[in-house]
Structures are given as C-alpha cells and as structure tokens.
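Using our numbering, read the sequence shown as starting at 1244 and increasing by one per residue.
Beta carbons: idealized from backbone N, C-alpha and C, even for Gly.
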Amino acid sequence: MKKYNTLLSGVLCSSILLTGCVLNDQPEAITVPKKQVQNPEELRKNEMDLAKFMYKNSSTRKAFEIFSKYADQGNPEALAWLGRCYVHGVGTKVEYDKAYEYFSKAADQNNPWGIYGLGYCKKNGYGTDLNLSAALSYYKKAADMGLPHAVLELAITYSLQESGHCDLPRAEEYYKKAISLNADRALESYALFLLLQKRYKEAISILLRKEDDAGSFFILALCYENGWGVETDIKKALSLREKAYHLGERDYEDGSSFYIAGLEEKLINGITDHARYCFKMGAKLGHKESSYEYAIIMQDSKLEKEALEYMCRAADKGYDKALIEAGKMLKNSKPDKAAEYFMSATLSQRTESLAVSHLAELYKNVKDPKRRDHWNQYGLSIGNAYCRNELAISKLNNSNNDNDWAQAIAWFALSMIDNNEFGNNQFYQAIEKSYNRLRMLADKGNGNALFSLGVLGCLNKKEHPNVKIGIELLEKAAANKNEYACYILGNIYFNGELLKKDNVKALAWYKKGAELGHGKSALSVVTLLYYNKEFQKTPEKDVINAFEKCIELGEFSRLFEYGLYVKSPEKSLELLRKAADKGDTRAMLRLYDILLEKDRAAADDYLTKAVEMEDGEAELRKGKASEIPRDAFSMYLRAWIHNDSLEASECLADCWLNGRGCDVNLGMFWKAANSAYKKGSHNICLIMGDVYREGKIIPKDLKKAKEYYSEGAKRGNKKCREQLDKMK
C-alpha cells in the first residue's frame, strides 16, 4: 500500500499547505476592485486579495511583489504568503531558508498559517532540521487556533506507518474533526485512510457523499480497478478517471491506467474503438507510450497530421522508439528537427545503431558530407552495417587506391557476415567483376584482400571450394594485422562448425584481435574468460586486464560482468553503476537487490529505470512487489508482452481467472495458462487442476484434474501431490 500512503500524504492533503488551500488549478473567488480604494486598510485588503488571485494564476511575479510589500510592513498574512512563495518558487526562486524565516515572523504574530508553515518545514527539513515531533507540535498549535488544514495534517501524519507517530484511532478522530470543519479534501483523505484499513464499504460510502468531485472520482476509480468493496470493473474505473480529468484532478493521473487498458484491449481484440479511446486519453494526460501507440494508430489510418502530433509528443518526452519514428516523419519536411530527434535516440542503447543509420542517411540526402561522414564513421565504430556499406561505396567511387578498394570489399564481406543483404550483393558483385584484382593484392600481402578471399573460401564458394584454403588466407590476413580476420578466426574455432571446436585457439585469436584494437574481439575475450569453465583458473590479473581492455576500446556491455567479478564491494558498486548508466538492465536489477535494504529510494529508482526500458524481468519484479492488484496486473501484462516468460504467464493466468486487477477473462486465462504449461510451469498445473476439480468455470472433470495434478507432481509441486493423495 506504499503507493497509496504516498497518495494520502501527497496529492490529497499535504500540498494543501502552500497552494492557498486548493489543489486544483481553479482560482479562489476573488473580488477585484474596479477602482483604487483610498482607505489604507481597504487598499491593503484589496491588494492582498489580488495577489492571492495572481498567485494561483499567471502573474506570479506581481503576486510576490505585493506580498513582499506588505511583509516589509510586518503584516502577518503577507509574511505567511511570502513563505509559501519561497517554498514553491512562486515569483521567485525556491529558498527554504527564507521560507522558514518568513513563516517564523508570521508565527511570532500568532498567524495560524505561519505556524502551519513552520510545521511543514520541520516535517520536510526545509530551512531547518527535520523534526517530526516539532512539526506535530506546530500543527497542533495551528489546529487549536481553528485552522482546518492543520487538523487534516495531524490526521495524515498519525495515519502513516512511516511517520514514526502512527496512531490510527487518533488519526481517525482528527479526520472526522477535519471533515466537520470542512477542511479541503478531508473527505477524500479520510476515504483513502479507510481504504488503507481495508474498510472498503465505509470508504465508498464516504466518497459517494460528494457529487461531481474530481478527487472522489479518482479514488473510486482505484476501487473499481482493484476490486476494493466493489466488483472489478475496468471500464467503469476508466470512466471515473476521465470524469476526474475533466474536473481537474490531474496531479496523480499520469495516463498509465489508460495505457494498460489499451494494451490489454489491443492484446485481446486488436485495435478497437476502445483501444483507440484508451491510448488517446493516455496521450492527453501526457503518457509517452500512449502517445506513441496512438500515433501509430493514426499513421495506420493515414491521418498523418494527427500521427505526427502525437509521435512528437512522445518523442519530446524522450521515448526512444518515438524519437526514431518522429525523426522519420520529419526528415523530408524538417530535417534539422529530425536530426535532433535522431541524435537524442543515439543516447538509448536499444535505438543507438538505428538512429546513427538515419543520421548518416539524412545528411547524405541534404548533401552535408562532413556530417554524413561523421555519422558513418560513428556507425562503423559500433558495427553498423548501413554505415559500413556507405563508407565502402564512398571508397569505391572516390578512390583509385588499391588499399582503399580492398578495404571497401572487406567491409562488404563484414556486412555479408552480419547477414546484411546489400553488403552481401555488393561483395559478390565485386568478386565477379574484380576477383583477379583482389587475388593480385592478396598475393602482395594486402590484409583486407586476404581477409575477403578468406571469407569467400570459408563459404565454399567460387574459387575456393574448401575451408582449408579460406582458413589459411584468414591466418595470413591476421598475420598482416587485420583485426577482422582475427575476430572471424576466433568465431570459427568457438562455433565449431567449419573446424573442430577449440576454445583455447578461439581465445588466442580474440586476444590478437583485441590487441589490434578490435572491440568485439575484446568482448569475446571477456566472455570466454568469465563464462567458460575451461578458463576458470585464469589469473585474476589477466581477467581484469581483459575487462579493462574492453573499456579502453569503448566496449561497455561487459561492465556488468566486471562488477560481479571484482572482489572489492566499492569497485563492484562503481562498475555496476556505470553499467546501469550505459543502459544495462541487468546491472539495474542487481543494484536494486544490493540497495534495497540500504537505500530504498535509490533501489526503486533503478527498478523504475529498468521498467522504463521495458525489461521483462524488472516488470515482473515490480508486479510481484506491488500490493495493489491493478499495478501488479499492469506489470505482469507488460512483462508478458516484452518477455513472455513462464512467471509472467503464471501471474497473468491467475489475474484473468480471479479478476485480480482486471476483469475476469476466461479466454485469456486459458491462453496464459497454456503458455505457462508449455514452458514447464508446475504452479499452473495446480491452478488448472483446481479449475477442473472445482468445476466453477467449466464442467467438472476429475480425470483431467488428476492429469494436471499428476503432471504438476512430476514437476515438483507439493500441493499437486497433496491433491492427488486426497483424490485417491
């Protein structure tokens, strides 16, 4: 329930303090005078009312100036408002020290909001030491002075386990008092409190007291999503969320609920009107994945203007897939903007190579050879076949130099090895037209020519009908310091397809390639030393040197393994953090495990980052860690889509069967259950056995039940064995 503890202390209540007692963007009803009143007291009142109005609207600097004017005169109300300005950066920059100072001056004159502000600062450590006991003391004093929101803040603080002052009976007493005083959001806060106590019916009764209230609709939506006091009804929940949105409840509505509903609908029924509605609503709420999905739908419907609008929304929020697609949409009409998107996409591990290809192509089309060549060289360094081919074509077209020509053919050979069709075609065309030239250069010891002919020989094609000649040529190329030949020879011995598998020889060739500056060879050295049992006794120094060589050559994909290998906890943590910064989700999950007890906030950040990168294992973990059924279902659904793991299938089968965080869907239950069963799940055998034994959703079939229990027992499930014993 941590998420909803946060809701309780955050969106509904605590922020009341310094927003002028309202959470939404609607201004208080302020009477603005039509002409200046000469009486100084009336003038002060009217200007203060005007400043409060401006505080909640656009003229924040003017509001700050008016509050400052009267604060300088010692007015306690202005002093308290000025404290709020410094807390929230309204009309000025955030300065907690000054906020605390002005709250103190207001409190010295017994202004309840000044006293309340001191409580807020003490509670959060703003401009003073963090002291919750002192904060409670200030809140009580302000409450005794009749400030309803202080009463509500006391209720919230006493209701939270993590406050260290949890006292549920006292909290409930304060909630009821806050409601009697008409404290803003008191009813919704009390309803959330009741939800946390699993007093669902009471909570719903409270919420239904308020009609057309955004906060109440939002919390009711949570109830319908999670089956709290009502039957789970996702469409009803979405309807309530939309009503809350239109009434202004947007603080904690990020669109993710609509996105998950859209994903589920798309998975079950394809792109329907309901899926379109869900993704569009999610997009309206600023959810980047929803914007992306809706843009794709618009694109498929040939609505290019709408597609571009929503794709750019997703791209502007940094969604890597959208950065690529938005760039593609704009590359002809707005190449500079497209280039910005593509360059941003190079920062993501999963879109880097594709983005580099698009940048090289874009600058080729706009005839900017300097930038084109820059990105082609960048692509070459990361093994991008498109960029490698472009450089090869450039050398063929612009140089009569034999070495450049041989280099181009070698690059085509590499692209062919990478299963690149264009490189494959170019390689064979060059062989057909200029085989003799290549052979002549090879006879002169040209490393690239030897490499290309060696590759040709290993393919058993053309002039070299046996592997032996191809290997000999590759070895000659390697002797001529051709790093590609070293790498290919390493692969040949490692794969054991053309020659007998020999990891020792593979390692030797990879090492030579690494010494010649070939990054993939360096990675292969580390992979063999770290993962292959044959090299377990390799001296630690040699293994560390291999890892360091990868880093030296700009290859960071084995930082995770390096972090696991080193013995120093400090060094390990440093390397794992570097790996996580490079986008390695394995490192993020490892850091989550390491930091969970020491620094929960940092641990959660790493898990969240891995989820944002659509890592199935991270999504599964986050789902299992959640006590909120809908949140758990959302993560399981994402994990199933991104990874289709056994555990995700099990979890979703359970959700769809029992309506945990979703509507009951027997068709999807069977689909997920069968998927888990085929993957070897023993837990699903128990679930399916129970389904047939109980006969609640299908006709009872004890024979089938026994079959599933029997299979589950074979797979090691003790409960299946117990059920079999009971059925004897």
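Inter-residue Cα distance where the pair is residue i and residue j
i     : j     : result
K1755 : K1560 : 44 Å
L1816 : E1740 : 39 Å
C1894 : E1857 : 18 Å
M1291 : F1310 : 7 Å
E2032 : W1324 : An answer regarding residue 2032 cannot be provided, because it is not within the stretch 1244 to 1971 covered by the chain.
C1555 : S1533 : 12 Å
S1953 : G1910 : 24 Å
A1765 : C1793 : 5 Å
S1482 : V1330 : 35 Å
L1435 : I1462 : 7 Å
S1406 : L1397 : 11 Å
L1796 : K1763 : 9 Å
D1663 : Y1671 : Note on identity: in this sequence residue 1663 is Asn, with Asp being the wrong assignment. Going by the C-alpha atoms only, they are around 13 Å apart.
Collapsed DSSP secondary structure at residue i in the structure displayed
i     : result
I1794 : helix
L1439 : helix
N1662 : coil
M1291 : helix
K1486 : helix
I1712 : helix
P1412 : helix
M1388 : coil
D1476 : coil
M1856 : coil
Q1352 : coil
I1940 : coil
Residue i - containing alpha helix (DSSP H), residue span
i     : result
W1618 : P1612 to S1624
Y1369 : Element bounds for Y1369: n/a, residue is neither H nor E.
V1330 : P1319 to H1331
P1872 : P1872 to H1885
S1591 : Here S1591 belongs to no alpha helix (DSSP H), and DSSP marks it neither H nor E.
A1757 : N1746 to E1758
F1778 : Unbroken run through F1778: none, as it is neither H nor E.
L1839 : Counting along the chain, L1839 falls outside any alpha helix (DSSP H), and DSSP gives it neither H nor E.
W1471 : First-last for W1471: undefined, no H or E at that position.
V1997 : The requested residue 1997 is not part of the displayed model; the chain covers only 1244 to 1971.
T1770 : G1762 to Y1774
C1555 : E1547 to D1559
R1958 : Here R1958 belongs to no alpha helix (DSSP H), and DSSP marks it neither H nor E.
H1530 : Per DSSP, H1530 belongs to no alpha helix (DSSP H) and is neither H nor E.
A1314 : T1303 to D1315
G1910 : L1909 to K1921
Contact set for residue i: own chain, Cβ-Cβ below 6 Å, skip 5 residues either direction
i     : result
S1918 : S1892
V1698 : A1656
H1925 : G1955, R1958, G1959 and N1960
Q1669 : F1655
L1693 : A1685, L1716, K1719 and A1720
Cβ pair residue i, residue j closer than 8 Å
i     : j     : result
K1486 : F1460 : yes
G1357 : P1319 : yes
N1408 : Y1401 : Note that residue 1408 corresponds to His in the displayed sequence, not to Asn. Contact flag set, yes.
L1573 : T1594 : no
Y1835 : A1844 : no
N1746 : N1775 : yes
A1875 : M1831 : no
C1928 : C1963 : yes
L1850 : K1867 : no
Y1443 : Y1433 : no
N1627 : A1653 : no
W1618 : A1635 : no
A1588 : L1605 : no
Y1382 : Y1359 : yes
G1529 : G1498 : yes
L1732 : A1685 : no
W1752 : Y1727 : no
E1445 : L1437 : yes
Same chain, Cβ closer than 8 Å to residue i, neighbours up to 5 away in sequence not counted
i     : result
D1968 : none
L1379 : G1362, L1397, T1400 and H1408
G1902 : G1470, E1474 and T1475
Residue i CB to nearest heavy atom of the ligand SAM below 7 Å
i     : result
T1400 : Of ligands this structure carries none, so the ligand SAM is not represented either.
Own chain residues within Cβ distance below 7 Å of residue i, not counting five before or after
i     : result
I1940 : L1909 and V1934
A1569 : M1554, C1555, A1558 and Y1584
V1394 : A1386, Y1417, K1420, A1421, L1424 and A1426
K1453 : L1430 and S1459
Within-8 Å CB hit, residue i to chain D
i     : result
D1579 : Looking at the structure shown, chain D is missing, and only one protein chain is on hand.
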